[in-house]
DNA sequence: GGAGAATTAGGACGAGTGACCTAATCCGTC
DNA sequence: GACGGATTAGGTCACTCGTCCTAATTCTCC
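Protein chains in written order, with the working numbering: chain A, 81 to 274; chain B, 81 to 274.
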């Protein structure tokens with residue numbers, strides 16, 4: 081069973097390093113140093129670097145699914161669940177200002193590389209999109225998926241500008257604007273039903 | 081004078097390849113093959129890869145400045161100038177869906193690399209921000225710079241999701257939403273003045 | 001047309017890359 | 001406590017990377 085633990089540790093470290101430095105920029109040597117294992121030893125656990133990437137994406141899919149599931153379970157109102165999403169920007173502000181959004185930056189990098197794992201990486205967006213659409217639908221909004229994509233788009237835009245300008249005040253302002261937009265859309269949805 | 085032409089060609093090709101494949105992923109060999117010159121020969125024109133990056137950023141600053149200047153000169157109304165900005169998303173749609181936004185993706189990559197040229201790359205955002213703020217101010221909007229950053233943020237968010245989902249219809253929908261938002265902000269500005 | 005500078009061709013260098021291998025070591029099972 | 005599969009250590013492989021040289025070539029100007 082020790083092997084499984086080592087493998088999980090490699091994936092966890094690779095996950096962090098892929099985020100912080102980018103997939104291609106991160107070398108086996110770097111991961112090995114962080115995990116404290118011999119460099120050539122990766123090939124007992126993974127056949128290639130692409131296989132590590134696939135494992136990292138799978139790990140992110142699992143952890144994101146778990147996060148969204150906990151929100152569905154522990155947060156009562158759909159409106160508050162939307163705020164939970166928006167608040168990611170504040171909770172991870174420091175990391176976002178240095179490394180961008182892990183989902184968006186990976187998808188963009190893999191797209192530039194024309195990497196086969198691009199579509200798998202986009203699956204992370206799907207998780208958030210579906211979660212958000214669920215909440216908008218529960219709030220009685222028509223075209224819930226379009227609203228979900230719009231909110232996703234805003235979080236990505238804020239992440240990019242946060243990385244560029246590194247201004248926490250700007251991020252806070254856009255978060256407030258997102259909350260306002262959500263409330264307006266909900267109001268529009270209930271008005272349409274009346 | 082032949083040297084200057086070769087240098088300019090190297091910069092132009094590097095510009096394209098840095099955009100399409102990313103800065104770090106693009107090698108001298110790749111650039112050399114595209115320019116049809118000997119690989120080791122770069123060091124007559126540039127002392128290092130970072131120097132090529134600096135030249136590419138300078139080139140983008142110049143071409144962006146020229147583009148915005150032409151808009152200021154040839155487009156009469158500030159409102160139409162804002163539309164010109166939004167329309168970049170349609171005009172460059174195919175490239176954006178494959179490689180993302182050249183400004184945003186470079187800034188994010190350099191941030192991950194903790195590269196010294198990061199701040200210079202962010203200067204490209206400044207050009208657009210100032211241009212947009214100028215137009216909002218001319219339209220009588222208060223907090224023109226905040227509105228400019230918001231529009232910039234949206235274009236970045238759309239670029240990231242366009243790269244992820246590669247759906248032209250989604251891009252078109254967000255462009256329309258951006259136009260609506262602009263009109264509402266202008267209306268708000270004139271109402272406040274009345 | 002010849003001197004001298006600008007430019008190019010064509011490697012070579014050490015370091016680092018992902019990939020691969022084999023021998024040693026660990027550890028649960030009988 | 002010896003066996004056998006699971007795991008690790010550590011080194012090697014071919015290759016590419018950015019960088020750097022030097023010799024040849026081209027161009028400019030007297």
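Here a beta-carbon is modelled for each residue, glycine too, at the ideal position from N, C-alpha and C. If you're wondering where the values come from, they're calculated on a predicted model, not measured in any experiment.
Proximal chain B residues relative to residue i, where beta-carbon distance stays under 8 Å
i: residue 255 of chain A; result: None at all; the shortest Cβ gap to chain B is about 12 Å.
i: residue 86 of chain A; result: Neighbours of residue 86 of chain A on chain B: none; closest Cβ ~27 Å, over 8 Å.
i: residue 250 of chain A; result: 229
i: residue 268 of chain A; result: Within chain B, no residue comes near residue 268 of chain A; the closest Cβ sits about 13 Å away, beyond 8 Å.
Beta-carbon neighbours of residue i, restricted to chain A and to distances below 8 Å
i: residue 202 of chain B; result: 244, 245
i: residue 101 of chain B; result: 192, 193
Euclidean distance between Cα positions of residue i and residue j
i: residue 179 of chain B; j: residue 226 of chain A; result: 23 Å
i: residue 92 of chain A; j: residue 265 of chain A; result: 38 Å
i: residue 205 of chain A; j: residue 125 of chain B; result: 43 Å
i: residue 153 of chain A; j: residue 161 of chain A; result: 10 Å
i: residue 200 of chain B; j: residue 136 of chain B; result: 11 Å
i: residue 106 of chain A; j: residue 172 of chain A; result: 22 Å
i: residue 87 of chain A; j: residue 192 of chain B; result: 25 Å
i: residue 128 of chain B; j: residue 118 of chain B; result: 15 Å
i: residue 258 of chain B; j: residue 215 of chain A; result: 23 Å
i: residue 229 of chain B; j: residue 236 of chain A; result: 14 Å
i: residue 146 of chain B; j: residue 138 of chain A; result: 45 Å
i: residue 130 of chain B; j: residue 120 of chain B; result: 16 Å
i: residue 114 of chain B; j: residue 96 of chain B; result: 10 Å
i: residue 202 of chain A; j: residue 272 of chain B; result: 43 Å
i: residue 222 of chain A; j: residue 270 of chain A; result: 10 Å
i: residue 169 of chain B; j: residue 116 of chain A; result: 46 Å
i: residue 163 of chain A; j: residue 220 of chain B; result: 32 Å
DSSP state of residue i mapped onto helix, strand, coil
i: residue 227 of chain B; result: helix
i: residue 106 of chain B; result: coil
i: residue 218 of chain A; result: helix
i: residue 157 of chain B; result: coil
i: residue 197 of chain A; result: coil
i: residue 167 of chain B; result: helix
i: residue 328 of chain A; result: A query on residue 328 of chain A cannot be resolved here, the shown segment of chain A reaching from 81 to 274 and no further.
i: residue 247 of chain A; result: coil
Residues near residue i by beta carbon distance below 8 Å, same chain, minus five either side
i: residue 122 of chain A; result: 90, 108, 111, 112, 132
i: residue 148 of chain B; result: 207, 208, 211
Cross-chain neighbours of residue i in chain A, by beta carbon under 7 Å
i: residue 238 of chain B; result: 233
Contact set for residue i: own chain, Cβ-Cβ below 6 Å, skip 5 residues either direction
i: residue 218 of chain A; result: 158
Start-to-end residues for the alpha helix (DSSP H) that takes in residue i
i: residue 91 of chain B; result: 82-101
i: residue 128 of chain B; result: Counting along the chain, residue 128 of chain B falls outside any alpha helix (DSSP H), and DSSP gives it neither H nor E.
i: residue 178 of chain A; result: 173-179
Beta-carbon contacts of residue i that lie in its chain and below 7 Å, excluding the five residues immediately before and after
i: residue 99 of chain B; result: 179, 182
i: residue 184 of chain A; result: 236, 239
Chain B contact residues for residue i, given Cβ-Cβ distances below 7 Å
i: residue 205 of chain A; result: 244
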